[in-house]
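Participant: Top to bottom, those sequences are chains U and G.
Counted the way my numbering counts, the first sequence spans residues 150 to 285.
Counted the way my numbering counts, the second sequence spans residues 150 to 285.
In this text, a Cβ means the ideal position worked out from N, Cα and C, and glycines have one as well.
As the structure is a prediction and not an experimental result, all values here were calculated from the model.
2 protein chains.
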Amino acid sequence: MQTVDEILRIKKVKITAVRTVVLRHLLSQEKAQSLKDIENALVHTDRSSIFRTLKTFEENKVIHSIEDGSGMVKYAVCAKGCNCEPKDLHYHFYCNNCNKTFCLFDVPFQNIELPENFKIQQANMVIKGLCSDCNH
Amino acid sequence: MQTVDEILRIKKVKITAVRTVVLRHLLSQEKAQSLKDIENALVHTDRSSIFRTLKTFEENKVIHSIEDGSGMVKYAVCAKGCNCEPKDLHYHFYCNNCNKTFCLFDVPFQNIELPENFKIQQANMVIKGLCSDCNH
DNA sequence: CTTTTGCTGCAACTTAATTGCAAAGATTAA
DNA sequence: TTAATCTTTGCAATTAAGTTGCAGCAAAAG
């Protein structure tokens, strides 16, 4: 696993205190985090600073955002080599029971045949149901 | 095309004035509508009434909601026979240029091989890019 | 060392979604 | 038919997430 500093250096994002703690937090979580999740975890860090940090991370493809239908945008660290292009797309899974949102990196993303003259640029794919921990 | 009253009768939603105008509006639009879109179109109808109408429609599977990343939830009328089950799922397309959200009923929805013991219940699939009108 | 640029924290604001409540309307029971 | 009950509606107020302006501070550039 890459370190926080390595990731920021590779993505050309200046290393700062806030960015370090936010990225460290995101890396330490198995599920995607909302702004509120991060805010709650990092009680000494200001909300707007976290917010701007997330925007910076997203612009520089350190993280990607997921709209899972919970009403809050969630963020997850991009996989190594990800450029947030169509080829890097993956499904997300939202558990209706435990409310966790995961990246399904292992589920192949099929090529979708769009109507004539439509062009894909990004996608937000969220499958909802029960995760293995909650499916009994 | 089914009439507004037919749809409501089939879905066992009592016919009222607000429900009729909201559903008629949704049926008349080619793109999915946000609460604000509907509010702007139906100037004489109260926002909270439209809001509660949409909730009622969604519970009774008259419409389905789509989170397209615009920050506003969009709503579209379910296809005839839809039960909002996995088999009824379809992709949505959000145009980054004209901001319209369409249901792609004609794009086949492939079966997704989920990890062991995960169960799909619903999905929110949004492909983003340029629609045929905007892709030049 | 001085200037410039960018980051941070605080407070305030915007926008969308949601709720409480009372009045109006529809339905059921007597 | 009338009374009682339940549902829907409109208005006002609130909640919650996201976003911005600004001043102070720190890092980088000259």
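When the Cα atoms are used, what is the spatial distance from residue 247/U to residue 279/U?
Facilitator: In a straight line, the C-alpha of residue 247/U is about 8 Å away from that of residue 279/U.
Participant: Looking at C-alpha atoms only, which residue of 173/U, 160/U, 151/U and 152/U is the closest neighbour of residue 233/U?
Facilitator: Among 173/U, 160/U, 151/U and 152/U, the Cα nearest to that of residue 233/U is on 160/U.
Participant: Please decide whether residue 198/U counts as near chain G, where near means a Cβ-Cβ distance under 7 Å.
Facilitator: So no, residue 198/U is outside the interface.
Participant: In the structure shown, what three-state DSSP assignment does residue 228/G receive?
Facilitator: Looking at residue 228/G - three-state DSSP - the assignment turns out to be coil, as it is neither helix nor strand.
Participant: Taking residue 181/U as the reference, which of 236/U, 268/U and 217/U has the closest Cα?
Facilitator: When each option's Cα is compared against that of residue 181/U, the closest is 217/U.
Participant: With a CB to CB cut of under 6 Å and the five nearest residues on each side skipped, what residues in its chain are close to residue 168/G?
Facilitator: Result list for residue 168/G: 202, in chain order.
Participant: Using 10 angstroms around the beta-carbon of residue 193/U, count the other beta-carbons present and answer buried if the total reaches 16, otherwise exposed.
Facilitator: Residue 193/U comes out exposed.
Participant: Could you pull out every unbroken alpha helix (DSSP H) segment of at least 4 residues lying fully inside the segment 171-239 of chain U, listed in chain order?
Facilitator: Correct list: 184-190 and 196-208.
Participant: In this structure, how does DSSP classify residue 156/U when only helix, strand and coil are distinguished?
Facilitator: Three-state result, residue 156/U: helix.
Participant: Give me whichever residues DSSP pairs with residue 250/G in a beta bridge.
Facilitator: The partner list for residue 250/G (beta bridge, DSSP) reads 243/G.
Participant: Taking 7 Å as the CB-CB cut-off, is residue 251/U touching chain G?
Facilitator: Taking Cβ atoms only, chain G never reaches closer than 7 Å to residue 251/U, which makes this a no.
Participant: At which residues does the beta strand (DSSP E) containing residue 270/U begin and terminate?
Facilitator: Unbroken beta strand (DSSP E) run through residue 270/U: 268-279.
Participant: Looking only at its chain, what residues have a beta carbon closer than 6 Å to the beta carbon of residue 273/U, apart from the 5 residues adjacent to it on each side?
Facilitator: The residues are 216.
Participant: Closest Cβ-Cβ distance between residue 274/U and chain G: below 7 Å?
Facilitator: It does; some Cβ of chain G falls within 7 Å.
Participant: Please list the partners that residue 184/G has in chain U, where partner means a Cβ-to-Cβ separation under 9 Å.
Facilitator: Neighbours of residue 184/G on chain U: none; closest Cβ ~13 Å, over 9 Å.
Participant: Roughly how many angstroms separate the alpha carbons of residue 189/G and residue 271/G, rounded to a whole number?
Facilitator: If you take the alpha carbons of residue 189/G and residue 271/G, they lie about 30 Å apart.
Participant: Around the C-beta of residue 152/U, are 16 or more other C-beta atoms found within 10 angstroms, so that it is buried, or is it exposed?
Facilitator: Under this definition residue 152/U is an exposed residue.
Participant: Checking 7 Å against the spacing of the C-beta atoms, do residue 251/G and residue 242/G come in under that value?
Facilitator: Taking 7 Å as the Cβ cut-off, residue 251/G and residue 242/G qualify as a contacting pair.
Participant: Using beta carbons (cut-off 7 Å, strictly below), is residue 280/G in contact with chain U?
Facilitator: By this cut-off, residue 280/G is an interface position.
Participant: Going by other Cβ atoms of all chains shown within 10 Å of its Cβ, with 16 needed for buried, is residue 200/U buried or exposed?
Facilitator: The residue is exposed, with fewer than 16 neighbouring Cβ atoms inside 10 Å.
Participant: Of all the options 166/U, 265/U, 261/U and 254/U, which has the alpha carbon lying nearest to the alpha carbon of residue 179/U?
Facilitator: The option with the nearest alpha carbon to residue 179/U is 254/U.
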